[in-house]
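Report on the following structure.
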Amino acid sequence: MIRQLLRRPGLRLACVLLVLASPARAEYPHEDEPIGSVREVYDGQLLPDIQVNTFRNIHRLFPTRTVRAAEAPRPLPPAAETLGNFRFESRGRRWDLYDYLSVNRVAGMLVLKEGEVAFEYYGLGNGPETSWMSMSVVKSMTATLVGMAIRDGYIDSLDDTLERYLPRFAGSAYDGVTVRQLLQMASGVRWNETYTDPASDRRAMLEAQLAQEPGAILDLMASLPRAATPGTRWNYSTGETQVVGALVAAATGRP
């Protein structure tokens, strides 16, 4: 089990820590660390230490925007009962939380229960001031924005079709796909998520990201063929999260 975990490229993150009020870049403690390239990240060709440096310096590879903290942020007090003594069994062996953190090289973990901090941990040289690549946490955030857009009346229903808000997808494989199916990654549109395959759709999307050409990712998504009837097959697709983001922007009129 341990060998399988250690052979996996990338870091197993129990929790992705989003630092919403990061310090000015001139004061960022990890600013001068050596990092890898985007293609090395996708090819799994980074040594562990360089991978860590890269993940906490992603602003040096992609455009980013700092989300400032509220003037009166909600406090997160420590919980009376913590997870420090947590134990579990797996394949006949008994483990504790610290075994999990070290075996999986967890970069950070925050456990909240009823608005209180039951456990807070930083590893691999990270700290409370560290910014960390959010990865697919943004999928949940984007889906939440769809719910807010429905609540505020910008999107009428989950059963609305995509082209109602994004006419560029009319006539494409996404024509007739509902917002619900898009959120469920059940559009039926073909997508290969394999990061390490240079011929995959995910790598084509990476090239569009690196080109930094407005609309390039949506053009890619509109060019994909249909592989199944919408709503009949689930297929994990990072590209569809980009479409969901464009849907929210189009419906609300906000970038």
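In terms of numbering that gives the first Met the number 0, the sequence shown opens at residue 0 and continues consecutively.
All C-beta atoms, glycine included, are put in the ideal place defined by N, C-alpha and C.
Report yes if the C-beta distance between residue i and residue j is below 8 Å; otherwise report no.
i, j, result
"A106", "G91", "no"
"E115", "P77", "yes"
"A227", "G175", "no"
"E239", "M184", "yes"
"E192", "S236", "yes"
"L223", "A148", "no"
"L182", "V242", "no"
"L82", "V110", "yes"
"F85", "D95", "yes"
"R167", "L217", "yes"
"T177", "T195", "no"
"I49", "M132", "no"
"A215", "A207", "yes"
"L209", "V102", "no"
Let me know the secondary structure DSSP gives residue i once reduced to three states.
i, result
"V242", "helix"
"E115", "strand"
"L109", "strand"
"S101", "helix"
"T63", "coil"
"P47", "helix"
"R92", "strand"
"V188", "strand"
"T160", "strand"
"F87", "strand"
"P224", "coil"
"T141", "helix"
"Y120", "strand"
"T177", "strand"
"M147", "helix"
"T251", "helix"
"N52", "helix"
"Y194", "coil"
"L82", "coil"
"Q208", "helix"
"Y27", "coil"
Can you say whether residue i is buried or exposed, counting buried as having 16 or more other CB atoms within 10 angstroms of its CB?
i, result
"Y41", "buried"
"V66", "exposed"
"W233", "exposed"
"Q211", "exposed"
"R55", "buried"
"S130", "buried"
"T53", "buried"
"A221", "buried"
"P62", "exposed"
"P28", "exposed"
What are the residues that DSSP puts in a beta bridge with residue i?
i, result
"P77", "V116"
Query raised in the report: Are three or more beta carbon pairs between the region 188-208 and the region 151-159 nearer than 8 Å?
Result: No, the region 188-208 does not touch the region 151-159.
Requested in this report: Would you check if there are 3 or more beta carbon pairs closer than 8 Å linking the region 235-253 to the region 129-147?
Outcome: Contact between the region 235-253 and the region 129-147 is established, with three or more Cβ pairs separated by less than 8 Å.
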